[in-house]
Structure formats: C-alpha cells, structure tokens
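Residue numbers (my numbering), protein chains in the order written: chain A, 4 to 419; chain B, 4 to 419; chain C, 4 to 419; chain D, 4 to 419.
Just so you know, even glycine gets a beta-carbon here, dropped at the ideal spot from N, CA and C.
All figures in this text were calculated on a predicted structure; none of them were measured in a lab.
Worksheet for the structure shown next.
4 protein chains.
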Amino acid sequence: MKICIIGAGSPYTPELIERLATMTEELPVTEIAMMDLDEKRLEIMQNFCIRYAANLGFKVKITKTTDRKKAINGSSFVNTQIRVGGNAVRIIDERIPLSMGFVGQETTGAGGFSKALRTIPAMLAIANDVAKLSPDAWIINYTNPTGLVAEAIELHSKAKIAGLCSGGVMAAACTAEAIGCKPEDVRYEYAGLNHMNFSYNITVKGVPLTAEQFECVAEQFTEVDKDLILALNALPSGYLQYYFHTKKRIRKMKKRTRGEAVMLLEQDLYRDFADPAVNTKPESLKKRGGGGYANVAMNVMNALHNNKDSIAVVNTANRGVLSFLPDKAVIEVPCIVNASGITPLVQSTPPNAVWGLIAAVKNYESLTVEAAVSGCRTTALLALLAHPLTGDADEARILLDKILEAHKEYLPAFWN
Amino acid sequence: MKICIIGAGSPYTPELIERLATMTEELPVTEIAMMDLDEKRLEIMQNFCIRYAANLGFKVKITKTTDRKKAINGSSFVNTQIRVGGNAVRIIDERIPLSMGFVGQETTGAGGFSKALRTIPAMLAIANDVAKLSPDAWIINYTNPTGLVAEAIELHSKAKIAGLCSGGVMAAACTAEAIGCKPEDVRYEYAGLNHMNFSYNITVKGVPLTAEQFECVAEQFTEVDKDLILALNALPSGYLQYYFHTKKRIRKMKKRTRGEAVMLLEQDLYRDFADPAVNTKPESLKKRGGGGYANVAMNVMNALHNNKDSIAVVNTANRGVLSFLPDKAVIEVPCIVNASGITPLVQSTPPNAVWGLIAAVKNYESLTVEAAVSGCRTTALLALLAHPLTGDADEARILLDKILEAHKEYLPAFWN
Amino acid sequence: MKICIIGAGSPYTPELIERLATMTEELPVTEIAMMDLDEKRLEIMQNFCIRYAANLGFKVKITKTTDRKKAINGSSFVNTQIRVGGNAVRIIDERIPLSMGFVGQETTGAGGFSKALRTIPAMLAIANDVAKLSPDAWIINYTNPTGLVAEAIELHSKAKIAGLCSGGVMAAACTAEAIGCKPEDVRYEYAGLNHMNFSYNITVKGVPLTAEQFECVAEQFTEVDKDLILALNALPSGYLQYYFHTKKRIRKMKKRTRGEAVMLLEQDLYRDFADPAVNTKPESLKKRGGGGYANVAMNVMNALHNNKDSIAVVNTANRGVLSFLPDKAVIEVPCIVNASGITPLVQSTPPNAVWGLIAAVKNYESLTVEAAVSGCRTTALLALLAHPLTGDADEARILLDKILEAHKEYLPAFWN
Amino acid sequence: MKICIIGAGSPYTPELIERLATMTEELPVTEIAMMDLDEKRLEIMQNFCIRYAANLGFKVKITKTTDRKKAINGSSFVNTQIRVGGNAVRIIDERIPLSMGFVGQETTGAGGFSKALRTIPAMLAIANDVAKLSPDAWIINYTNPTGLVAEAIELHSKAKIAGLCSGGVMAAACTAEAIGCKPEDVRYEYAGLNHMNFSYNITVKGVPLTAEQFECVAEQFTEVDKDLILALNALPSGYLQYYFHTKKRIRKMKKRTRGEAVMLLEQDLYRDFADPAVNTKPESLKKRGGGGYANVAMNVMNALHNNKDSIAVVNTANRGVLSFLPDKAVIEVPCIVNASGITPLVQSTPPNAVWGLIAAVKNYESLTVEAAVSGCRTTALLALLAHPLTGDADEARILLDKILEAHKEYLPAFWN
C-alpha cells in the first residue's frame, strides 16, 4: 500500500508519519511518496522523516519527488496539504485586507478569498491527476480553505475527496476538559461550514449538559466571548471571532499576522528538521500549531480502507441536511465513513441566530469556487459582495483589484 | 362602508383621500375615521382633508378621534401608517448608529432595528383590536419596517394584514421610462424581503430585455452603481445601497439624515395644510416623498373588496416560494389578491449572488420580531449579530444599550 | 395572425371557430390552418367550418392540409387535439384492460398508459416542428393524457406548451349551480395532476362555504359518492371515480365503453357535419360531450397574446408548489398567464388523505413519459407497477405485452 | 439493571434470554421482569426461561407479573412484543380481507390496518406508563406494525422508542450468501417504511456489485420475482410480494394463513416449553420463524446503554431524509444509535419506480395512526382509501365495518 503526500515539505508531515507508525496493522503502508515543489524543504523533510520513521521502528520506504503524477500514481490515499506560493504569499493574503481595514486571515473573509482563488485551480489539477491515474484513491485534504476546495473538487472533478478539518472534535475536547469526563463520552450535533460551524445539544453519556456545565465549557473558549456562547447556546468555531469581534481582531492582527508569526517560527523549525542529529519531533514544532489533523486523517483513512463505520466531521455535499442550503453545496457535518464513502448524519437545525450567517457565507463560498474555476472578475466581485465582512462594493472592487494583481502569477484564469 | 386611518395625522393621508375620491364605485366609502395620538396634527389634517374632499367632489364623512378602538370598530379596512414617537425619535434611530459608524436609516440596519422594537408592539396592539372589533377587516399597512410588522402580526395575532410597500412597481416604472414603453406592458420576477429585494427576468409584452435595454434600465438607478446592477443581472431595491455602498452612504447621512430633512420639510408642510385657504395638495408635499403608497393600497383594497384577482407585491408568509427560507417567514413577493386573501406567485430563485444576503437579513428580521414581542435582550443582541451591517458583537452590545436606553419609554417589554 | 389546429378533423374544432368568432378584437386571427391525417374528416370539417364561420360573420381564411409543417409554419398558436389511431384504437385502449378486469378508460390506469405511449412520440414530433418553425408560438394542447404530454414536451423539447383541461373550472360551476351564485364569485384552491386533482377551501365572494353549502355542492357530483366528498372535504376530479369506485365502474364500462359510444355518436355527427345545408353546430354534437375546452383555450390564448394576467388551471412544472413532488414534475395547478408565460400560484397542501395517491400516480406518469420516449420495456413495466390500479406485476406483464402488441404500428420505439 | 418484557409469554422471549446471556458485560442485567396478560403462557415461559438461563449459566432474576406498571417501574429497557387478542384474533385480521378478495396479512393492507387499530392504543398505554414511571427508559419495540406503532408513540407520547425490525439486515445476509463474502463487509443504502423498503447501491468492501453479482443476490429472493428485482435495481422488502404478486399471494393465503399455521405450530411449541425436562430452545421453535429480532435488539440496547455509535435500521422520524415525505412521518432508515438517541443517516433517493408507492403507503399509515388514536370512522375509511391495496371505497366501507365489528372489544375509541 502506497500513499503520497502532496505538499510534503510542510511541517505537518511528521505528525502523519508518527500516526502511521502506530497503525501499521490497519494501514499497512509500504511506501510514502513525498511530493513538493519546494525542493529544499522537501529534501529536509524527507531526510528527517526517514530518521524519524527509523526512530519509531516504522518500516516504510520514504521517497521524494517534485513530479506530482509520479507521486499520485499507484497511491491508495493522496494526502494534500499544499500552500500555493508558500508563507510569503500568505502574508500578502493577510496584509491586503488589513491595509483596508478588513479581516486578514487565511480562511475567513478577503484573505480566505484570496487563498481560495490561488488554491482551487492547483487542487483541481491534483484531483484531475488522481481521477486519471488512481481513480480508486481518496484525496485526504487538509489544504485550506478546505470547504471551498471540497466543493470545487466535488463539482468539477471525478476524484473522491474527504475534506477534513480538526475543528470537528473541538467541542468534545473542551467539554471533557471543562467537566472532567472523557472526550469519547461526549456527543453533540454539529453543522455549518468549515470555520463557520456550531456544536450544540452536547451530551455526556447521553445526558445533556446542565446550564452550569455548559457555562464551564464556554469558559474554555478564548476566541469568542462567553456571553455570546451562552446567548447562542452553542459552541461556535473559533473562527467566528472574526465575525463577532471583528474590530478587536483586526487591531490585533495588524500588529503581527499569523503568517508573519509562522514565518519566523518556521526558520527555527526547518533548522531543527535539517539537523541530522534530530530524529524526533523538535520542540519548535509545538509552537507551529495546527496539530490534530493527523488524528482526523488516520480515523478517516482507516474507515475508508477497512470499511469501518467511523464517525468523522467531513466537508461534503449537503444532501438535505441543512434545509436552507442547496443540496450540492458542501457543508461541514458529522458523517459515517466506510469503504463505500462518506454519508452525512441528519442534524437538527443549527442555533436560530446563525442560519442566515451560514447561508451568507455559503453563498460567498459557492461564488468563490465559481470565480476560481472560471476566472470571471464579475463573479469574483459578487463573491466579495456576498460575504458579510466584505459587502461594501466600493471597497470590494479595490480589494479585488489588489488581490488579483498581487497574485497574478498564480491566477492565470483571470489574466489570460 | 367605513374605513379608518391609524396615524392619520401623517402627510400620507391626503393621497389616500385623493385616490379614494376616484374609486367611489369600487370602494363606496361613506366614512373615513381619522385616528392619531398627535391631536394637533390630527386636527390640521382632518380639516384639510374635509376641504380637500369637498374640492374633489368626494362625498364622505371624515371624522377624527384619538381613540383607536372607536376608529377600528366597524371599519372594513384599517389603514395603518403610524410613526411611534414621531420624527424626533426617527432622528434618534438614525443618529445612534451613525455616531458609531453604522448605517443610520429608518428601515435598514440598526436604525430599522430600533424602529422595529418600538413599532411592533404598537402594531400588535392595533392588530389585536382589529381581530376583536372588526375580525373581517383587513389591515392595510405601510408602516415601516413593513416586512417585520407583517411577520409580527401573522405570527402573533389573528388579524388579517396586507403588508405593502410601493417598491414593488419600481422596476416597471424604470423599465417604461428607460425604453419608452408603458409600465403595464412590463413583467418581471420579484423576490426577497421588504427593502431587500430584486427584480429580474424583465420582459416587455413578453419579450425579454436585450442587454442594451437592461443597461438603459440600470442607468435609471442612482442608488446602486450601474456596474453592480449589470453584475447582478437584476434590479435591486434602492435600499441595497446601504449594503453595497455602506461607507459612502454613511458619510452622506452623517451630514444630514433623512429624518432631519423630513422634520424641516414638515414644518412648511403642516403650515400649508393648516392654511384654511389650502384645499389641494400643497407644493411642499412633493418634497416630502413617499408617494405611490396610495396607488398600491387602492389596488389591494379594490381586489380584496371586489374579489378581483389583482397582482400586487405584498409582504406575506413564504409558503415555499423561496426554498432557502422557512415557510412561515414573511417575504415580499408578487401575489394574487382577491376576497379570499393573498396568494403568492411562484418565482424563480433570485440572482445567485444574493440569496445568502437575503437569508442573513431574514434571520435578523425574525429575531427582531421575537425580541420586540418578548422584550428579551439576548434575542435583541442576537438579532444585531445576525445582521450583516451590525455583526460585530462588541459594537452591537453598545448599540443595543444605547437604543434600549434612548427609547426606554416606548419599550416597556424590555424595561419591566 | 395565423393559428393552426392539429387534429382539426375532430368534432372539437367547431367550438374553437365559434369562440374565435367572438374574440376577433383580442385575437385578430386571419388564417386558421386545419391539419389532419384523416383526409375525409378534414375535408368534412373544413367545409363545415367555412360554412359555420360565414354564418357567424367571422371573416377568416380557413385552409386545410395534411402537412404538419406547413400548418405550423407561421402560426402564433398551435392547437393540438390529436387522437393517434382514431376511435377504433381508443376502444382497444379501453378493452384490453377491461378484458383483464382493470379500468378501461382513455386517461386513467392502463388505458391512459396505452394512449400515452402512442401519443407522446406524436406530440413530441409536433413540438419539435414548433420549436424549429415557429419558436415563439405556444402549443395549446388538449390532447390527452394532457399532463403526461405536457411533461414530455417540457422535458424533451424546446417548444412552449400550455397543457389544458376543462376540469379546472368544474368546482366553480358546481358551486354556482348548488348555491345559486355566479361562477365568477367562486374561488378555491386546486392542486394535483390532470384527472387526479382536488378543489378545496371554496369561498364565495371571499366567504368560506358552510358545511351545509358544501354538502349541496357535493350533491352535484354523480361520479364520486357524496359521503366520500364530505370525508375528503374537497371536490375530487370526476376521474377519481375510477379509484374510489373501481369495481362498479369496471362493471359499467364492460357493457359499453366510452370509445364505443363515441364511435356510434360520431357516425351521426359526421353525417350532419357533411350536410351542405348544416352551417351551425348540429344537435348531435351535444351528445359528443367534451365541451368547454374552447373557453379555457381562448382565456389562455388571450392572456398569452395580450399580456393579460389571467388565472387558468394549467399543467406545468411543479416548481415547489407541491412539496411532496419533484420540482420538474408537471402538475395541474392554477397559474397566472401572460405574455411572459405561465406562473403557478402557491396552493396549500391538498387534503390530507390524497397526497400519497397523487404521488403514486405522478410516479407512474413520469415513468410512462420516460418509457414512451425511450421505448424501454422495463421502464414501461415499472410504470404500470407504480400505478395503484395496475400494481400487480403478474398482471402488468401480460397487460404490457398485449398493449405493445396491439399498438405495434404506433410504437416504433418499442419494436425497433 | 432491570429490563422488562411486555408480552413475555411470546415464543420470542427465549431468544432474548439467549442473547442477553452472552452480553452480561455490555448489558449487566440483574432482573428480567416478564409481563403478560395471558397467565398460562406467562407461567410456562417464565419457568422455561429460568431453566434456560440456568442452562446458559446466565445469573439473573427472572420475575413474572400481569401488572404492566410493576414491570415497567425501574426498568432501563422496556421490550415490547405484544399481540393484542392473541393468535385467534390474528386469524380474523387475515380472514376478513381474504373473504373479500384482499391481501390478508398481519402488517400489509387491510390486515395490517386491522392490527394497527387494536395495537396502537395498547402500545400508547404502555408508552404513557413508561414516560411516567421510567422516563429515561427506552421502549425497544418489535410489536407489529412497528412503523405505525413508532409514529403513534413519537407523536402522541413522551416515551423514547426504538422501533425495530429484523428486515434491515436482510440485504447483507443475502449478498453474503449469494457471493460468498462476510455480511459485515456488505454496505447498502436503505430507505422506505417498515415492510415497504428497498436496499440499493450494494457494495462489498466498498466495491459496487457487478450486474452478475446483483443477479445472484436477486436469486436469493423467493418473495419477489427476479426480473422485478433487476428492473428495480434494488432489493425490496419481502413484503413487497403483496403489492407485486397480489393475486397469486391471495390465492395461496386463502388455503392457510400464516396465523393459522402459527396457531398449529404454537400448540407443539408451548407443550415443549412446558416440559420441565426442556431447558434449551426446542426444535419446534425453528419452525415458528421470526428469529433475528433479538440480535437487532441487543445491538440497539448495547449502543443506547454504552454510548456506542452503532448503525441500526430503525423506525424514526424522517427529518428530511426522504424529501417526498413529511419531516415528522416515521420512516425505516439506517441510523446511528448512541446514548443520545437515534440519528438517521442521509440516504440517496430510493429507486425511481417506488417513491410514489412509498408515499401512498405512508399516507395510509399516518391516517391509520390518526384513526387509531381518535377512533374516527371517517379517518379510518380515508386510511383504507389511501392504501393502494384497498382503495375501492365501496369495498373499503364494507371491510371497515367488518373489521370494527369483529374487533369491537379492542376498539373502545370507535365504539364509545
């Protein structure tokens, strides 16, 4: 069994290796093909991963290539964790909106839009290779914006995709932490979009949380004010901070964006990875964040490969779960995953106060996918208008021009 | 046949008299009961209306009262055009949001919210009187925000209501003007909410507009930029300017709000109305604006009374017309009106770029109705959060406090 | 303005002439092209229509042709009233089911199925000619089964069609007769399929019928027992007799089918039409029945041509009106008709006891359309299985064989 | 942990004991309260079960009572497997329809209707006791008609119910048998109603069946002809035989009904159970049939008690899974079961040929529930009319009279 990692130069790769090493029975991987366009990072990471696997006692062939087709060919799973243009471009995604007083974040608002325009064509190219070379393979995607990537691939390619995010397990973790139970005893309903979702009707061993317990859970959150969580009677994705605390967050981001912080961190990180003496996850990785993806990915790959009926939160076509969204719109929802694919679970309607916001952002998302695929400026403008954070057309026009100009080399559809 | 006008001291009253005078065959009105709490305005308007009716040769008894029940009792139609707190309070609706950098307008955003909280309880009190005293009567409402008022009355009273707005005929008028045809030859689809709606698929005598013709129609609009109208391929309500040109409009409103302008205009206006020599609509009325309601009202009253199958744009329960909104949510849509009531016409989905925005605003509207009825601060805060123009909770909390404080005397539900 | 009549040899033609003669202002027809494949009937009817038009003072050129394309070319309206195979074949439609103990009727159950298989390809051929030669023309269809014909043409051609039936006005006529009011004062909701529909919530001048009044209306019906109508609290289409009184009706039909009766009647009828002394509708026509179509057709053609907003019951795509049926399924529902086309009115859900029956018959209808278009035997068998009157597969297989064999010459799709 | 069995005198009880004996870790049952109104059977079965449990090494207190409340009080699970009136009355359910030429079967058509009228009030009485005495307990129901019982309890009581049927695993068993794989490798979509459902899109380890394989699976079925299964491209519930092979099955049932066969079998069976020497399941039980329920019940009880996320086919509220049925209508569908309850999985639309049939039968079911609860004859008649097998009102009226008369003592709602 061969798997490949597209964007394998990323610091997320070691976690995958680590988790795969523990699952050799369920996922008998014999080759991990690491693919990246950044040859330097790829070299560093391959070498580190070989040392790390050896250290873990994980017997596997770890190859590297800059040829996407070669990596995909013969793979059972295609893990995609790309960043088109790298961290430098991420900072542009963040800084352009911030310079105009908008949220500058790589998945939300104008920054997410900017990233989506670059990422969707790249991910579609990968998907088309998968459909052609390994049609039975599943794309296991954690490339952001994962919801838009999933919608683009479901609508515009024949490849099979599981669009993942680690946010789906957050409510279980917080509840367990807050009231001192095991995460596996916690259940809840969950619905919305990637980074625009809500967890509600939380139970522990079938018993609904009391108001006091829910307050304790809410206190776990630093991203969104507790009184809002109590008012919503639901745990929002942390990314809701950009909607509910827009101005405060903009002020904070202006000082230093996440991309800027990451860029600094990664200098240390790759120096550590490159050190031939380092054969275990370096301390500097913890600061990088974004952990947890590998657990979600393993759960899903295991279920797909071994026909287990595991529950996982996946970005997948709505199919009637949210009655206020189109059937083909990709939503983020708990699903049963097995060898036959991904099947959503019915969820009751999300909190009464947020269905309109979810709809607005879904409308934006679908327009953005359409714009990224078509390269149509008008559709791109309409996408920004549809977004609650960038609805002012006079500003949106300027934003759009700046974004298209800044990322010109990555947006041939708009410039040819 | 008796009809009454609640809020009859308003300068909209003469237009009603004028139009009723031409329809004595269809609507054989023998008494018009004018009701207002502002005795001074009521006195002026009654006297003017008596002179005006005489001048028009309209034989009708025009009475006045400050007793709502007395006015409603025995009426076939209850025309409601109230302004709780009058123009002075309207300016507060406008100025509080503006002071914080938000849109200050009496139907859109925080200003509309503020007005809704005051108006809904007052309109429900009227509706309950109608349901009790004249259960067969129809409320003909043009009190804003008319969509929220209609939803409140449909959900919380047994009275029958036709929630009207003159905006429904705008696309016909503009098309006729732009391409030189008769308004009655123009047809189009129309869907959305009051002041959040779109006209599309315009035809003239069954022939779709050419792109060139549509451009001419778009040029009629000053509220929204032409390029956006072309991008949407639909005519937006003029109130979309507050969503698409938010910052520009805020800058403009800050100089002088509409309420401030109206207050000045009405000084002249009531002086004219009070002049015993004046027995026709004074010149100053033209500047007041808001005309056209009476035509819409006559069309609807005629259809209801005479069982005509007239088409009119009405705020009424969705009943499946917009698949992305709940069945009971009030929308603004073309309907057939006859003695059996109001039946929506199926419309194709509104432009792809705006369904999310409509959903977001509808979510806000329903929460606002709920807040106005319950007096629940949390629901009121969630309403502001749900609105695309006031979604920042840190700001919304302050806004809400200011609004509730400023209108304390009109909001007993919140303060008891 | 030219119109054509396809199947003009039918005895329905004179009624069209008669009604067109009264509407020369609204529909300034200068040529009526009569087309039929039965040259003998066509000759008789053309000559009669010329005499009849002269007698009515209706100045119009009445031409005849066996060339469909010639008739369609240049026509503004294409009236279709064909009977593929004529009356002799209708009797086969009726007698095959009856011989096996099933309902033998030309629109309901196996007889309707049999007729649909023959008629749909013929009507699609006409529609394709219309789409090509007179793309702006409307097909005004009363060829049965009109619901299936409309669905076939809406799904499989580009022609515009108004699928009509005189049944839509039945409830108004019965109510007027029963309680002594004018039909135009009556309103009601109406929903379902052609010959599988229900009229409910009847009002007169806006006032709901009392239980006593509704009982009087129910007494007007001879097709369905009064107690059932009261139980349903709705007026069913007369064709519901074949579902609710199946065995009784089969017994009756076995003695003499409607087709057999019509065949006898038409012998007299065509002898009368052929008599050069006859220039007015002969007495024998009254016995033929089926009157009333022309009124419905005139109403619709007038509305389409003159951009009137007339209400008419039309077979048209569901578009959400009946939530339990697919959006593209053709239903029979009140619509607004104007130059832009046909727009359904929202109707409340039909009586609680019949939505399942409507769904079952709609499922049958859609499968029958698919079978007629594809010539697929399996789909044809599934269609019979889906029908509540022919769901026994052992019987349905025999029925199907007999039907396909009997109509071999008209069913090339099944035999090539 | 106490559980109770209502209707414990039934021969299904030993299978429950047998399976519980193997699950003492997951379900640590200390008391099984056997309740029945038939004291003789109850005595025999209690004694047998005590011997059987001892033989199995299952340490548990097995009590008996005729007092329902006593049995329910303190139970964690209330297993319900009642037969109101016993086998003698079942034969009446079967014979009345057969005497008029209708299907005589205890769940389908008029027989199922008859059984439902008797059973629903009895099950509601149990549910009300559960809601009052053990509100956290789950009713584990296999009393037929299980779909109607579930809908009645969900709509008219506060008790929690899992409406089960062993039919949900049939497609896995048949596929495994036909192609030689393990049942746990098989997955499929499943939708419809109890005894009116379809399994489709079958996969084995994620690979769709080939046409040849599907043919082998279809050959496993004796109830429905293979060619129909191939035409449907889905495995129907065996009970579809009564719809697709109506006349043949009626002929067969007329000779000896299932109730008559069971009555004979049970004579042997209870003689065996009563024999003090018998401490294991007697041979005669195999002939009784109906096995498999206990497996399904254990799976569900285990999941509910231990918060496992197990998949089980359950009769539960639709909640949008089948778009053509109301949200509150109970359907039979795969669900995730855990301590928080029962959550349906989204299924793709059932085969195109059967949605109408499912809708018709659902309409019948909901009317039957309403009739059983209200005791309204008109609703009961409409229920029979809505059913595809009893739609002839002239026959249905006679059927209804006979049924109500025959079961008078069990139908107080209709006779008081």
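Would you mind sorting residue i into buried or exposed? The rule is 16 or more other CB atoms within 10 Å of its CB.
i      : result
E412/D : exposed
M38/A  : buried
T33/C  : exposed
M173/D : buried
T213/A : exposed
E18/B  : buried
G31/D  : It is Pro, not Gly, that sits at residue 31/D in the sequence shown. That one is exposed.
L138/C : First, the amino acid is wrong: residue 138/C is Pro here, not Leu. With fewer than 16 Cβ atoms within 10 Å of its Cβ, P138/C is classed as exposed.
N419/C : exposed
E286/C : exposed
M304/A : buried
D330/B : exposed
List the residues that DSSP assigns as beta-bridge partners of residue i.
i      : result
T110/C : None, per the DSSP bridge assignment.
S202/D : Y193/D and L238/D
W141/D : F80/D and K163/D
I314/C : I339/C
I334/A : T319/A
T122/B : Answer by DSSP bridge pairing: none, since T122/B is not bridged.
G344/B : N341/B
Which whole-angstrom value describes the C-beta separation of residue i and residue j, a residue pair presumed to lie in contact below a C-beta threshold of 8 Å?
i      : j      : result
I6/D   : I35/D  : 6 Å
A165/A : I123/A : Not quite, the Cβ-Cβ distance comes to about 17 Å (not below 8 Å), so this is no contact.
G209/D : S343/A : 5 Å
F61/A  : L23/A  : 7 Å
Do the stretch 64-79 of chain D and the stretch 95-106 of chain D meet, that is, are 3 or more Cβ pairs less than 8 Å apart? No, they do not touch.
The stretch 170-199 of chain A: which residues have C-beta closer than 7 Å to a C-beta of chain D, in chain order? D188 and R190
Can you confirm whether the stretch 252-264 of chain A touches the stretch 389-404 of chain B when touching is taken to mean that 3 or more C-beta pairs between the two stretches lie within less than 8 Å? no
At least three beta-carbon pairs within less than 8 Å, the stretch 314-322 of chain A to the stretch 30-47 of chain A: no
Positions along the stretch 346-358 of chain D whose CB lies within less than 7 Å of some CB in chain A: Under the 7 Å Cβ criterion, the stretch 346-358 of chain D contributes T346, P347, L348 and V349.
Under 8 Å: do the stretch 180-195 of chain C and the stretch 348-359 of chain C share three or more Cβ pairs, one atom per stretch? yes
Chain-ordered residues of the stretch 313-340 of chain C with a beta carbon less than 7 Å from chain B: I314, R322, G323, V324, S326 and I339
Output needed in chain order: residues of the stretch 227-257 of chain D with a Cβ under 9 Å from some Cβ in chain C. V227, D228, D230, L231, L233, A234, L235, Y246, F247, H248, T249, K250 and K251
When Cβ atoms are compared, which residues of the stretch 140-174 of chain B fall closer than 9 Å to chain C? none
Touch check for the stretch 83-96 of chain B and the stretch 221-240 of chain B: three-plus C-beta pairs under 8 Å? no
Taking 8 Å as the threshold, find out whether the stretch 128-137 of chain B comes into contact with the stretch 152-167 of chain B through three or more Cβ pairs. yes
May I ask you to verify whether the stretch 139-157 of chain B touches the stretch 102-116 of chain B, counting CB pairs closer than 8 Å and requiring at least 3? yes
For the stretch 199-212 of chain C and the stretch 228-247 of chain C, state whether three or more C-beta atom pairs, one from each stretch, are separated by less than 8 Å. yes
Taking a cut of 8 Å between CB atoms, which residues from the stretch 286-310 of chain C lie near chain B? The residues in question are L307 and N310.
Listed in chain order, which residues of the stretch 369-397 of chain A have Cβ atoms closer than 7 Å to some Cβ of chain B? L370, T381, L384, L385, L388, A389, P391, G394, D395, A396 and D397
Which residues, in chain order, does the stretch 62-92 of chain A contribute to contact with chain D at a C-beta distance below 9 Å? If the cut-off is 9 Å between Cβ atoms, the stretch 62-92 of chain A has nothing near chain D.
Chain-ordered residues of the stretch 198-215 of chain C with a beta carbon less than 7 Å from chain B: Result list: T206, K208 and G209.
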